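Residue numbers (full-length UniProt numbering): 1 to 410. In this text, a Cβ means the ideal position worked out from N, Cα and C, and glycines have one as well. Treat the numbers as computed from the prediction; the structure is a model and nothing was measured.
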Ligand SMILES: CC(=O)SCCNC(=O)CCNC(=O)[C@H](O)C(C)(C)COP(=O)(O)OP(=O)(O)OC[C@H]1O[C@@H](n2cnc3c(N)ncnc32)[C@H](O)[C@@H]1OP(=O)(O)O
Ligand SMILES: O=C(O)CCC(=O)C(=O)O
Ligand SMILES: [Zn+2]
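Set out below in structure tokens:
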């Protein structure tokens, strides 16, 4: 590791990009798209595959509008062949006039593609499984049949003046030569993007880097989270040259879902702060997550990046002291970028006098350091017995202060 980072007060503005002047820049870094990645937001497609999902038309319109205002480049919708209402909703969302482009995701066959185009979408995302598992047990087509159908469908979609992407479902369990031969054919046919999908969530960042760096042009990536690698794989893909990443709000999707929009923002605001802050309306993230969580009836996980209830809570005394002096000591992300605030807890036996001093000052008392250490000991004494609420710790401070005043009067 040879790059140098300039230390600054704002951790998210620390120089993560390797300066042009460094003699240590690796050739591979020229592949990286961390300063230009685009998001294909699939809460309304992959997210509808989440076990709890049921969206009304009104919910879909609101989610699409929020995502567009957030700044995602594309919004992907459920296939219009899924049901009559899916078809109607796709048409309705296309007519909203959103800033984001609207895509729908269909099987790679002519009937599905025709329905998709009928809806008025900006782009059609074609998908077909290329692994032997899916070729044998899902659609039953050989690689040659896939290639032939893909070329016909791509030509049709393009002839309608609509963007077209071709994706190989289960890419990481597909034969590499088969895959590259197919991508070459669809590229020659003029697709706008190819898609690489880790459909079963088994890929590692190393596998992702190796596959993505062999591809050129517009490359979309889609990572399931079955083995907990979805965010790391998305970052690695972007570093290896992927141009687009699929996300869903809170990561909702088939099984345990895909790369979460919020977690990707947390990652990218650190990796590529200037681009991420200027492109995405980060302060909307919490509202979007809360709205989607309410639609699909889940809670936001306690440890969610950025919006988990304790994401910016500092508890241990050693941490609290340093955070109060300079937040960069124990925070990689400034919560204010997302319209949030940090919280220093004093309600436990692992608090310290520096944290308690800050609370004493907030309450408007002026105690000496020795007095603060004494009241800290009282909080710890109570914290050894049971969990404390903020009111408990505050009451200990109030009554300590009162006893000091009474002692002075007497
Ligand atoms: C990894 C992913 O997430 S891919 C996206 C998944 N999305 C969806 O499944 C969208 C929602 N799906 C649906 O509403 C339905 O499955 C429909 C309307 C698409 C199809 O419904 P049905 O006709 O009842 O078929 P069913 O769902 O049982 O089976 C899927 C069919 O698609 C075929 N198929 C699967 N993938 C593809 C593909 N990429 N290209 C062409 N055909 C395919 C299968 O062979 C099967 O065909 P069969 O009827 O000849 O057996
Ligand atoms: O179309 C794609 O690229 C992804 C499809 C999908 O949801 C998956 O393979 O998990
Ligand atoms: Zn998926």
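For residue 7, name the three-state secondary structure that DSSP assigns. Translated into positions along the chain shown, residue 7 becomes position 7. Confidence at residue 7 is low in this model, with a pLDDT of 28, below 50, so the placement of that residue should be treated as unreliable; the coordinate-derived value is given next. The answer is coil: DSSP assigns residue 7 none of H, G, I, E or B.
Residues bridged to residue 38 (per DSSP): Numbered from 1 along the chain shown, position 38 holds the residue referred to as residue 38. Per DSSP, 244.
Does any heavy atom of ligand 3 sit closer than 7 Å to the C-beta of residue 432? Missing from the structure shown is residue 432; the chain here goes from 1 to 410 and no further.
Indicate, with yes or no, if ligand 3 has a heavy atom lying under 7 Å from the CB of residue 435. With the chain represented from 1 up to 410, any question about residue 435 goes unanswered, as that position is not in the structure.
Let me check you understand the geometry: is the CB of residue 128 closer than 7 Å to at least one non-hydrogen atom of ligand 1? Within the chain shown, residue 128 is the residue found at index 128, counting from 1. At least one heavy atom of ligand 1 is nearer than 7 Å to the Cβ of residue 128, so yes.
Taking 7 Å as the line, does the beta carbon of residue 79 fall inside it for any heavy atom of ligand 1? Taking the first residue of the chain shown as 1, we reach residue 79 at position 79. Under cutoff, so the answer is yes.
Would you give the residue range spanned by the beta strand (DSSP E) that residue 125 belongs to? Within the chain shown, residue 125 is the residue found at index 125, counting from 1. Looking at the DSSP string, the run of the beta strand (DSSP E) that includes residue 125 is 123-129.
Does the region 222-239 come close enough to the region 195-206 that 3 or more CB-CB pairs lie under 8 Å? yes
Alpha carbon to alpha carbon, how far is residue 378 from residue 396? Give it in angstroms, no decimals. Translated into positions along the chain shown, residue 396 becomes position 396. Translated into positions along the chain shown, residue 378 becomes position 378. Take the alpha-carbon of residue 396 and the one of residue 378: they are about 7 Å apart.
Determine which residues share a DSSP beta bridge with residue 167 and list them. Here residue 167 is taken as the residue at index 167 of the chain shown, counted from 1. 127 and 195.
Check: residue 97 C-beta below 7 Å from any heavy atom of ligand 1: The residue labelled residue 97 in the question sits at position 97 within the chain shown. Incorrect: residue 97 has no Cβ contact closer than 7 Å to ligand 1.
The region 324-333 contacting the region 283-295, beta-carbon criterion three pairs below 8 Å: no
Please report the residue range of the alpha helix (DSSP H) in which residue 398 lies. Reading the chain shown from its first residue, position 398 is the one you call residue 398. Taken as a continuous stretch (DSSP letters only), the alpha helix (DSSP H) holding residue 398 covers 390-409.
Under the three-state DSSP convention, the category residue 147 falls into: Counting from one through the chain shown, the residue named residue 147 turns up at place 147. If DSSP states are grouped into helix, strand and coil, residue 147 belongs with the helices.
Give me the residue from 71, 316 and 46 with the minimum Cα distance to residue 224. Here the question's residue 224 lines up with position 224 in the chain shown. Here the closest residue by C-alpha is 46.
Going by the CB atoms, is the gap between residue 346 and residue 393 shorter than 8 Å? By 1-based counting over the chain shown, the position of residue 393 is 393. By 1-based counting over the chain shown, the position of residue 346 is 346. Closer than 8 Å, so yes.
Which of helix, strand or coil DSSP assigns to residue 271: For the purposes of this step, residue 271 is taken as residue 271 along the chain shown, with counting starting at 1. Helix, per DSSP.
What separation, rounded to the nearest whole angstrom, lies between the Cα atoms of residue 254 and residue 64? What you label residue 254 is simply residue 254 of the chain shown in a count that begins at 1. What you label residue 64 is simply residue 64 of the chain shown in a count that begins at 1. Residue 254 and residue 64: Cα-Cα distance of roughly 20 Å.
Only counting the same chain, and skipping five residues up and downstream in sequence, which positions put a Cβ closer than 7 Å to that of residue 38? What you label residue 38 is simply residue 38 of the chain shown in a count that begins at 1. Hits under 7 Å: 73, 243 and 244.
In angstroms with no decimal places, state the Cα-to-Cα distance between residue 370 and residue 360. Numbered from its first residue, the chain shown carries residue 370 at position 370. Numbered from its first residue, the chain shown carries residue 360 at position 360. Their backbone Cα atoms lie some 13 Å apart in a straight line.
Using a threshold of 7 Å, is the CB atom of residue 199 nearer than that to any non-hydrogen atom of ligand 3? Position 199 of the chain shown, counted from the start, is the residue given in the question as residue 199. Residue 199: yes, Cβ under 7 Å from ligand 3.
Any chance the CB of residue 167 is under 7 Å from a heavy atom of ligand 2? If you number the chain shown from 1, residue 167 lands on position 167. Because some heavy atom of ligand 2 lies under 7 Å away, the Cβ of residue 167 counts as near it: yes.
Measuring alpha carbon to alpha carbon, tell me which of 367, 387 and 373 ends up nearest residue 405. Counting from one through the chain shown, the residue named residue 405 turns up at place 405. Taking only the C-alpha atoms, the option nearest residue 405 is 367.
So for residue 101, helix, strand or coil by DSSP? In the chain shown, counting from the first residue as 1, residue 101 sits at position 101. Under the three-state reduction of DSSP output, residue 101 falls in the strand class.
If you run the structure through DSSP and keep just helix, strand and coil, what is residue 107? Along the chain shown, read from residue 1 onward, the residue named residue 107 stands at position 107. Three-state DSSP puts residue 107 in a strand.
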